[in-house]
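Below is one structure, written out as structure tokens, with a few remarks after it.
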């Protein structure tokens with residue numbers, strides 16, 4: 326029989342599914358109930374969300390844009406398409 | 002883009018070539034671009050196709066060495082989100098934290114945030130090719146789950162598993178960073 330409860334070890338595996346709306350209604354309720362009463366797991370969730378936010382920002386570190394030669398070609402292409 | 006290309010090809014040089022080719026492909030194909038997908042998704046589609054072709058060519062010329070870089074987008078091996086030793090294994094509290102995350106959260110300090118960001122970028126670079134690919138497209142580039150599944154030809158379930166494993170490792174890196182800061186202060 327399935328335990329009518331989410332334990333921490335299961336909670337940490339379901340975070341992405343929860344964030345993506347991939348849990349069933351019953352699973353979601355159990356997940357949210359656990360989140361409400363378990364403070365270590367809510368700290369886990371804060372860190373999870375913070376690392377997500379940092380990944381979004383990582384775009385800034387990663388975005389190098391097109392290399393100069395390509396950038397010039399792009400500008401040319403745009404100029405021509407406007408004509 | 003380099004990060005995505007690197008998931009398919011063996012060297013940084015090859016990845017740079019692929020990125021260059023992609024930009025040229027974007028320029029040449031602009032007329033054919035249909036508004037129904039975003040420009041970004043379309044660009045990544047070109048990138049993934051070119052990188053895949055290149056990776057397959059490499060794999061053929063060196064049959065044993067670069068199989069690993071092709072890394073099947075199939076998360077068969079079970080990999081927990083958190084080190085299992087951090088949970089109790091016996092008694093009433095089996096499955097609950099024995100070594101919970103510390104209270105530390107990221108402070109609103111731009112220097113600290115930038116430093117943590119650098120660690121996270123390094124962690125993303127250190128992921129397996131398929132995990133790196135999925136987290137880069139989803140969380141860094143902001144594509145939707147449906148777009149990524151379509152682009153990489155993976156099922157929704159596999160996409161989610163890869164994403165969760167990647168995110169879990171990135172979170173663990175943040176936790177380590179926060180613990181180091183708290184310990185070192």
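Protein chains in written order, with our numbering: chain R, 326 to 408; chain V, 2 to 186. C-beta: ideal position from N, C-alpha, C; glycine also. These numbers come from a predicted model, not from an experiment.
*Find the nearest neighbour of residue 336 of chain R within the set V:134, V:81 and V:145, judged by alpha-carbon distance.*
Answer by Cα proximity: V:81.
### Query
In whole angstroms, what is the alpha-carbon distance linking residue 117 of chain V and residue 184 of chain V?
Approximately 15 Å, taken between the alpha carbons.
Closer than 9 Å, Cβ to any Cβ of chain R: which residues of the segment 25-45 of chain V, in chain order? So the close ones are 25, 27, 28, 29, 31 and 32.
Below 8 Å CB to CB, which residues in the same chain sit around residue 348 of chain R once its five sequence neighbours on both sides are set aside?
The residues are 339, 342 and 356.
Closest residue to residue 383 of chain R among V:162, V:177 and V:125 (Cα-Cα distance): Ranking V:162, V:177 and V:125 by Cα distance to residue 383 of chain R puts V:125 first.
**Study point:** Where the alpha helix (DSSP H) containing residue 132 of chain V begins and where it ends
**Key:** Taken as a continuous stretch (DSSP letters only), the alpha helix (DSSP H) holding residue 132 of chain V covers 130-136.
| message | Could you check whether the Cβ of residue 97 of chain V sits closer than 8 Å to any Cβ belonging to chain R? | response | Yes, residue 97 of chain V counts as interfacial toward chain R.
request  = Closer than 6 Å by C-beta to residue 379 of chain R: which residues in its own chain qualify, once you throw out the five before and the five after it? Chain order, please.
outcome  = Around residue 379 of chain R: no qualifying Cβ.
* To do: Name the residue from V:41, V:15 and V:14 whose alpha carbon lies nearest to the alpha carbon of residue 27 of chain V.
  => Per the Cα distances, V:41.
- prompt: Between the C-alpha atoms of residue 151 of chain V and residue 138 of chain V, what's the straight-line distance to the nearest angstrom?
  reply: Between the alpha carbons of residue 151 of chain V and residue 138 of chain V lies a gap of roughly 12 Å.
task = Starting from residue 120 of chain V, trace the alpha helix (DSSP H) both ways and give me its first and last residue.
result = Boundaries of the alpha helix (DSSP H) around residue 120 of chain V: 111-126.
- In angstroms, rounded to a whole number, what distance separates the CA positions of residue 346 of chain R and residue 372 of chain R? Residue 372 of chain R has its alpha-carbon roughly 19 Å from the corresponding atom of residue 346 of chain R.
* In the structure shown, what three-state DSSP assignment does residue 98 of chain V receive? -> Residue 98 of chain V: strand per DSSP, three-state reduction.
Next on the checklist: Just verifying my parser: in three-state terms, what is the DSSP assignment at residue 34 of chain V?
Outcome noted: In the structure shown, residue 34 of chain V sits in coil (DSSP, three-state: anything other than H, G, I, E or B).
Are there three or more Cβ pairs, one per stretch, closer than 8 Å when the segment 44-54 of chain V is compared with the segment 145-159 of chain V? By the Cβ criterion, the segment 44-54 of chain V is in contact with the segment 145-159 of chain V, since at least three pairs of Cβ atoms, one from each stretch, lie closer than 8 Å.
Between which two residues does the alpha helix (DSSP H) holding residue 146 of chain V run?
Judged by DSSP secondary structure, residue 146 of chain V falls within the alpha helix (DSSP H) whose first and last residues are 146-153.
message: Taking the straight line between their C-alpha atoms, what separation do you get for residue 92 of chain V and residue 145 of chain V?
response: Straight-line Cα distance between these residues: approximately 42 Å.
Exercise. State the Cα-Cα distance for the pair residue 368 of chain R and residue 159 of chain V, rounded to the nearest angstrom.
Key: Within the model, the alpha-carbon separation for residue 368 of chain R versus residue 159 of chain V is close to 27 Å.
Against chain V, with Cβ distances strictly below 8 Å, would residue 329 of chain R count as a contact? Cβ-Cβ to chain V under 8 Å: no for residue 329 of chain R.
- [ ] Determine the contact status of residue 17 of chain V and residue 3 of chain V, defining contact as a CB-CB distance below 8 Å.
- [x] Cβ distance < 8 Å, so residue 17 of chain V and residue 3 of chain V count as in contact.
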